[in-house]
Amino acid sequence: MRRTLYLLLGLLLIAGMVLAGCGGKSASSGTTGGNTGGKKEVTVTIGFTESQTGKYNVDSTAQTQGFKLWMEQVNNAGGIKLSDGTIVKFKAVSYDDESKADKVQQLYTRLATEDKADFLISPYSSGLTASAAVVSEQYGKIMLATGAASDSIFKKGYERVYQLYTPASRYLTGAVDMLKANAPDLKKVAFVYENSKFSTAVVTAAKEYAAKQGYDVVLFEGYDKDTTDFGAFINKIQDSGAEAVLGGGHFQDGSTFARQIFEKKLPIKFLALLVAPPNPKFAELGDAALGVVGPSQWEAAAAYTPDAAKAAGLTWFGPSSADFAKAYKDKYGEEAGYHAAGGYAAGVVLQKAIIDADSVDAAKVKAALDKMDLLTFFGHIKFNTSDAHGLQIGHEMVYIQWQKKDGKMVKEVVWPKEGATADLLFPLKH
Amino acid sequence: MEAILRSLIDGLLLGFVYGIAAMGLTLIWGVMNVINLSHGSLISLGMFSLYFLFTGLGVHPYVAIVITAVLGLLLGMIIYAVAVHRIINAPHLSTLLATYSVNMIILGIGTAILTTSPYNVPFDLGSIKFAASVVPTTRLIAAIVAMLVAGGLYLFLQYSRLGRYIRAVTDNRDAAEIVGIPSAQILALSFGLGTMLAAISGALIATFFPFTILAGGAYELKSFVIGVLGGLGNPVGSLFGGLILGVIEGLVPLAMPTTWTPVLEFVLFVLILLVRPTGLFGGSE
């Protein structure tokens with residue numbers, strides 16, 4: 468009996484020492500420095516959460532893969548060299564947020580306090596980013612928000628959150644312009660959208676814009692995020708006499724909606740949906756995908772080049788779209804979508820800010836971000852520094868449409884005209 | 003008038019799918035007083051079974067439904083033996099937790115392997131014009147299959163020896179054992195049949211809706227409402243419960259925003275529980 472007691476005590480002591488060791492390691496992370504052959508080297512810790520499970524899994528994984536590709540490329544190229552000879556390298560600390568806002572708050576607090584992350588990257592989606600932004604601001608950490616298009620996050624007075632995506636208020640307005648340019652006689656428009664923070668913000672802004680452009684908004688209604696049967700909405704659209712439908716939400720509902728519109732042969736001439744159409748998997752719908760338009764934050768075909776930067780009087784920074792797309796495909800074996808590009812772009816923007824600041828000091832990097840006005844493979848990056856600090860004001864959406872070429876579904880850029888790879892297929896052929 | 007007819011047809015077609023999704027849940031509840039919280043994930047497995055049989059092995063979707071049904075029956079009997087049998091006489095909380103655990107295991111493994119990406123069965127039989135409505139053929143076939151399955155289940159329970167055993171165990175398990183009915187095997191068969199119905203409904207849904215591993219959850223929730231409407235323990239009543247729910251979902255949006263539909267459905271759920279707890283179509287108390 469006594470021997471067993473001693474054994475248990477001994478085991479407890481060992482377990483205690485191991486735990487203490489682990490705790491010490493965690494507490495010592497954050498910016499770490501060292502001397503390598505006379506050069507000073509610092510490792511910057513970048514924290515973020517990834518939705519490894521839950522409904523944002525697909526888009527979030529692509530975003531994280533894009534970011535990790537950037538980090539790997541920068542570290543393999545020897546890091547960022549500052550003017551005093553300091554080499555800056557990066558390491559990532561990440562957790563699974565399960566696509567849940569409460570996990571995000573808990574994990575970003577951990578990233579800021581226990582992991583001592585120097586900079587943060589947002590989770591995927593506006594809802595989760597809104598939760599992360601509260602924490603990043605509270606702990607004074609700079610957070611690059613990618614995968615989050617909501618405007619409202621940036622109207623709360625935050626000073627350290629910077630948006631990369633075109634905000635929701637400008638997400639679908641280009642589709643209205645496109646419609647006007649291609650079908651000046653079309654007047655009746657329906658908005659059917661997912662009842663989520665992001666989609667509601669997008670369509671509310673697009674509806675106001677459409678009304679100003681003289682359109683008659685005959686239906687404006689949201690659907691629950693778990694909707695699988697759109698029969699009731701399709702009947703309502705038909706009864707309203709709408710000729711064009713704009714809306715959608717995320718991939719699953721958007722692809723289901725498009726498929727059912729096709730199956731029920733809804734007599735509309737134009738269909739533009741959020742998020743789903745730019746995803747390469749959308750083409751699996753076959754003929755139901757034909758003619759469907761979708762706004763995209765980035766497309767490999769979009770013409771953002773050093774020459775375009777020169778013509779616009781902007782600084783060019785980072786790889787070309789083709790280089791990024793090739794590197795992504797080589798590493799992950801799949802085509803890069805805009806979520807992946809957004810993740811990579813977050814790294815590029817942070818890299819440029821550190822170079823401009825010539826430091827990893829948060830205040831100096833923040834000043835560099837505030838001044839930033841550059842063109843990257845992802846598009847124009849410039850942040851609002853006044854009433855809605857951090858809101859993206861440079862970046863513009865491109866609009867894609869699925870068309871058929873030689874019997875194969877291909878994704879064409881159809882708007883804006885200067886970046887278009889094909890004319891808009893109009894009207895829809897069901 | 004045309005709009006009402008169109009919405010009514012859509013609602014009825016949806017109702018058949020809801021009905022068959024709920025049948026499995028009510029059968030298991032009726033026979034063994036177990037609320038199967040893994041019902042939704044079993045519906046999802048039915049969806050993926052059809053997907054892989056069709057896209058991976060090239061099996062025709064309607065043949066794949068038969069294979070899925072057999073696989074569902076076997077899986078249900080295994081789940082019963084492993085997770086439910088030992089606690090079948092324990093308080094309800096134990097069986098709730100056991101089936102919830104099975105649910106989490108299926109969803110955990112499913113998410114790890116299949117992710118939560120949407121899958122789509124690239125199968126299209128075109129559409130047919132039916133009265134004022136354009137109806138996808140796959141949905142019409144799903145409604146016919148649902149009716150056949152419900153009819154088959156009714157005949158099986160009423161006229162087959164095993165069906166009579168199941169009803170005997172449902173009515174009084176102790177008395178059934180006294181007359182020599184092997185109640186453990188009958189309970190396993192019932193759980194297997196319930197799982198089979200969940201798998202069939204998942205496979206049918208997969209022929210016309212895209213899905214994820216989490217998609218079954220929404221049908222599980224509807225199944226509770228339908229179960230109460232049709233009478234918990236009355237699987238054939240579920241089909242009628244499903245039709246009522248489908249018609250509500252078809253017609254309500256004509257009069258008010260669609261987001262009000264679930265509110266009305268759950269108000270009805272509470273009202274039925276208060277006024278007629280055995281459901282509109284009877285069932286065991």
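In order, the protein sequence lines correspond to chains A and B.
FYI, in my numbering the residues of the first sequence are 468 to 897.
FYI, in my numbering the residues of the second sequence are 3 to 287.
Don't be surprised by glycine CBs; every beta carbon is placed ideally from N, CA and C.
Residues that residue i contacts on chain B, provided the C-beta gap is smaller than 9 Å
i: F700(A); result: P255, T260
i: L688(A); result: Checking the sequence, you will find Glu at residue 688(A) rather than Leu. Those are P255, P259, T260, T261, listed as they occur along chain B.
CB contact below 7 Å: residue i versus chain A
i: T209(B); result: no
i: A5(B); result: yes
i: A144(B); result: no
i: V136(B); result: yes
i: D176(B); result: no
i: D12(B); result: yes
i: P184(B); result: no
i: P93(B); result: no
i: S129(B); result: yes
i: T113(B); result: yes
i: P279(B); result: no
i: P212(B); result: yes
is_contact[residue i, chain B] using C-beta, thresh 7 Å
i: S722(A); result: yes
i: Q719(A); result: yes
i: T520(A); result: yes
i: K731(A); result: yes
i: L895(A); result: no
i: N746(A); result: no
i: V742(A); result: no
i: V525(A); result: yes
i: G491(A); result: Because G491(A) sits at a pLDDT of 35, beneath the cut-off of 50, its placement in the model cannot be relied upon, and the following sentence gives the value as read from the coordinates. Not closer than 7 Å to any Cβ of chain B, the Cβ of G491(A) fails to qualify, so no.
Identity of the residues DSSP links to residue i by a beta bridge
i: H847(A); result: L842(A)
i: D924(A); result: The displayed coordinates of chain A run from 468 to 897. Any statement about residue 924(A) would go beyond what the structure contains.
i: T723(A); result: Answer is none; T723(A) lacks a bridge partner.
i: E661(A); result: Y690(A)
i: I588(A); result: L611(A)
i: I130(B); result: V137(B)
i: I81(B); result: Bridge partners of I81(B): none, in fact.
i: M876(A); result: K871(A)
i: Y121(B); result: F213(B)
i: T197(B); result: None; T197(B) has no bridge partner.
Proximal residues of chain B, C-beta to C-beta of residue i below 7 Å
i: E751(A); result: N122, P124
i: S706(A); result: The question names Ser, but residue 706(A) in the sequence shown is Asp. Those are A5, listed as they occur along chain B.
For residue j and residue i, believed in contact at Cβ under 8 Å, the rounded distance
i: L741(A); j: P762(A); result: 7 Å
i: S225(B); j: L27(B); result: 4 Å
i: V670(A); j: L646(A); result: Wrong, their Cβ atoms sit about 14 Å apart, outside the cutoff.
i: A808(A); j: A824(A); result: Not confirmed; about 24 Å, so no contact.
i: T723(A); j: T695(A); result: 6 Å
i: A152(B); j: I67(B); result: At roughly 15 Å, the Cβ-Cβ gap does not stay under 8 Å, so A152(B) and I67(B) are not in contact.
i: Q532(A); j: Y799(A); result: 6 Å
i: A725(A); j: A756(A); result: 7 Å
i: G244(B); j: I228(B); result: 5 Å
i: V881(A); j: L891(A); result: 5 Å
i: G614(A); j: Y660(A); result: No, G614(A) and Y660(A) are not in contact; Cβ-Cβ is about 19 Å, not under 8 Å.
Contact list for residue i against chain A, beta-carbon separation under 9 Å
i: G252(B); result: G698, A699, N702
i: S46(B); result: The contacting residues do not exist; S46(B) stays about 12 Å from chain A at best.
i: T97(B); result: Within 9 Å Cβ-Cβ: nothing; T97(B) doesn't reach chain A, min ~26 Å.
Chain-ordered chain B contacts of residue i [CB-CB under 8 Å]
i: G542(A); result: According to the sequence as given, residue 542(A) is Asn; it is not Gly. Chain B residues near N542(A): none, gap ~28 Å exceeds 8 Å.
i: N662(A); result: T261
Neighbour list for residue i in chain A, Cβ cutoff strictly below 7 Å
i: T70(B); result: Those do not exist, as T70(B) stays about 19 Å from chain A at its closest Cβ, beyond 7 Å.
i: T57(B); result: Result: empty, since nearest Cβ-Cβ is about 10 Å, beyond 7 Å.
i: L2(B); result: Since the first residue of chain B shown is 3 and the last is 287, residue 2(B) is not available in this structure.
i: T117(B); result: N524, V525
Chain-ordered chain A contacts of residue i [CB-CB under 8 Å]
i: A220(B); result: D693, T695
i: P2(B); result: In the structure displayed, chain B extends from 3 to 287; residue 2(B) sits before or after that span and is not available.
i: S9(B); result: G698, A699, N702
Meets three-Cβ-pair contact criterion under 8 Å: the stretch 258-278 of chain B and the stretch 49-63 of chain B: no
At least three beta-carbon pairs within less than 8 Å, the stretch 624-632 of chain A to the stretch 858-875 of chain A: yes
Would you check if the stretch 521-538 of chain A and the stretch 589-600 of chain A touch, i.e. whether three or more CB-CB distances between them fall below 8 Å? Inter-segment contact for the stretch 589-600 of chain A and the stretch 521-538 of chain A is present: three or more beta-carbon pairs are separated by less than 8 Å.
Determine, using beta-carbon pairs with one atom in the stretch 3-16 of chain B and one in the stretch 701-713 of chain A, whether at least three such pairs fall under 8 Å. A contact between stretches requires three or more CB pairs, one per stretch, nearer than 8 Å, and the stretch 3-16 of chain B meets this requirement with the stretch 701-713 of chain A.
Any chance the stretch 61-80 of chain B sits against the stretch 193-208 of chain B, with 3 or more Cβ pairs inside 8 Å? yes
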